[in-house]
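*Asks:* Each number in the numbering used here corresponds to the 1-based position in the sequence shown with 1 added.
We put the CB at the ideal spot given by N, CA and C, even for glycine.
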Amino acid sequence: MIKINWLKPQWSILPVVVFFGVWEVVARFRLIPGHFFFPPFTTVVQEFYNLTANGVLVDNFFSSLIRVLIGFSTGSIAGIVMGTLMGYKENIDKTLHPIISLLYPIPALGWLPILMLWFGISEMLPIIIIFICSFFPVLYNTVTGIKTVDRNLIKAAKTLGASERNILTTIALPLALPSIFTGLRLEAGMAWRTIIAAEMVAIPTGIGASFSIWSTD
Numbered sequence: 002m003i004k005i006n007w008l009k010p011q012w013s014i015l016p017v018v019v020f021f022g023v024w025e026v027v028a029r030f031r032l033i034p035g036h037f038f039f040p041p042f043t044t045v046v047q048e049f050y051n052l053t054a055n056g057v058l059v060d061n062f063f064s065s066l067i068r069v070l071i072g073f074s075t076g077s078i079a080g081i082v083m084g085t086l087m088g089y090k091e092n093i094d095k096t097l098h099p100i101i102s103l104l105y106p107i108p109a110l111g112w113l114p115i116l117m118l119w120f121g122i123s124e125m126l127p128i129i130i131i132f133i134c135s136f137f138p139v140l141y142n143t144v145t146g147i148k149t150v151d152r153n154l155i156k157a158a159k160t161l162g163a164s165e166r167n168i169l170t171t172i173a174l175p176l177a178l179p180s181i182f183t184g185l186r187l188e189a190g191m192a193w194r195t196i197i198a199a200e201m202v203a204i205p206t207g208i209g210a211s212f213s214i215w216s217t218d
């Protein structure tokens with residue numbers, strides 16, 4: 002029996018077409034109460050085009066993007082460095098572990114009120130929030146990755162005369178990379194959710210602030 006594979010891509014988009022079609026019909030004919038908050042799909046597309054054409058959406062997107070890049074990169078680097086030290090040096094881990102365990106469960110947005118008192122409504126505020134959002138999870142994954150490295154490999158390297166630096170750069174960190182990249186991948190998405198929420202609450206520019214303004218218009 003001959004299989005017609007060329008039909009598969011066409012059928013795969015059918016649920017998407019049906020979804021947007023139902024959205025348009027339900028919103029256009031007001032089949033659900035509260036249509037003001039549920040505009041037709043074509044209206045959303047038209048408004049998206051207008052906001053993109055006049056530069057409002059692009060400008061706010063790049064404002065959020067820059068904040069995420071700065072906060073995520075600095076927070077991740079700091080988390081990797083601190084996590085490497087804690088995972089490799091037991092005395093550092095014993096000193097900092099109680100503090101990290103106390104602060105780690107606090108959501109990044111939970112720091113927003115006190116950061117507003119310290120830094121005010123400034124460009125530093127969202128960057129610091131993203132820094133916190135990225136720092137603790139990446140640190141935790143780095144510590145976990147370093148501690149799961151086979152200690153027999155480290156002992157063998159020391160026996161062969163390898164320095165602490167060589168052991169760290171050629172054994173510990175490479176073997177911990179899967180755990181580190183898992184933390185980075187998860188926090189990349191979390192950073193965007195955090196910045197949008199923070200901008201909606203306390204920052205006058207960015208994608209989140211735009212959503213907040215559009216929802217009140």
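Please work out which residues of its chain come closer than 6 Å, Cβ to Cβ, to L247, disregarding the five sequence neighbours upstream and downstream, and give them in chain order.
*Replies:* Outside the shown range of the chain, which is 2 to 218, sits residue 247, and nothing can be said about it.
*Asks:* According to DSSP, is A163 part of a helix, a strand, or is it coil?
*Replies:* Counting from 1 along the sequence shown, the entry for residue 163 is found at position 162. Here A163 sits in coil by DSSP.
*Asks:* Output yes or no for whether 8 Å exceeds the beta carbon distance between N61 and G184.
*Replies:* Locating residue 61 in the sequence shown gives position 60, counting from the first residue. Locating residue 184 in the sequence shown gives position 183, counting from the first residue. In this structure, G184 does not lie closer than 8 Å to N61 by Cβ.
*Asks:* Quick one: grab the DSSP three-state call for F39.
*Replies:* Counted from its first residue, the sequence shown places residue 39 at position 38. In the structure shown, F39 sits in coil (DSSP, three-state: anything other than H, G, I, E or B).
*Asks:* Rounded to whole angstroms, what is the Cα-Cα separation between S65 and A54?
*Replies:* If you number the sequence shown from 1, residue 65 lands on position 64. If you number the sequence shown from 1, residue 54 lands on position 53. Going from the Cα of S65 to the Cα of A54 covers about 18 Å.
*Asks:* Do G76 and I133 count as a contact pair if the criterion is CB distance below 8 Å?
*Replies:* Taking the first residue of the sequence shown as 1, we reach residue 133 at position 132. Taking the first residue of the sequence shown as 1, we reach residue 76 at position 75. In contact: I133 and G76 (Cβ atoms closer than 8 Å).
*Asks:* Out of R152, K159, V139 and L154, state which residue places its alpha-carbon closest to the alpha-carbon of P179.
*Replies:* On the sequence shown, residue 179 is found 178 positions in, with the first residue counted as 1. Ranking the options by Cα distance to P179, first place goes to V139.
*Asks:* What is the DSSP secondary structure of S77, reduced to helix, strand or coil?
*Replies:* Along the sequence shown, one-based indexing puts residue 77 at 76. The answer is helix: DSSP assigns S77 an H, G or I state.
*Asks:* Alpha carbon to alpha carbon, how far is N142 from I155? Give it in angstroms, no decimals.
*Replies:* One-based indexing of the sequence shown puts residue 155 at position 154. One-based indexing of the sequence shown puts residue 142 at position 141. So the two alpha carbons sit approximately 20 Å from each other.
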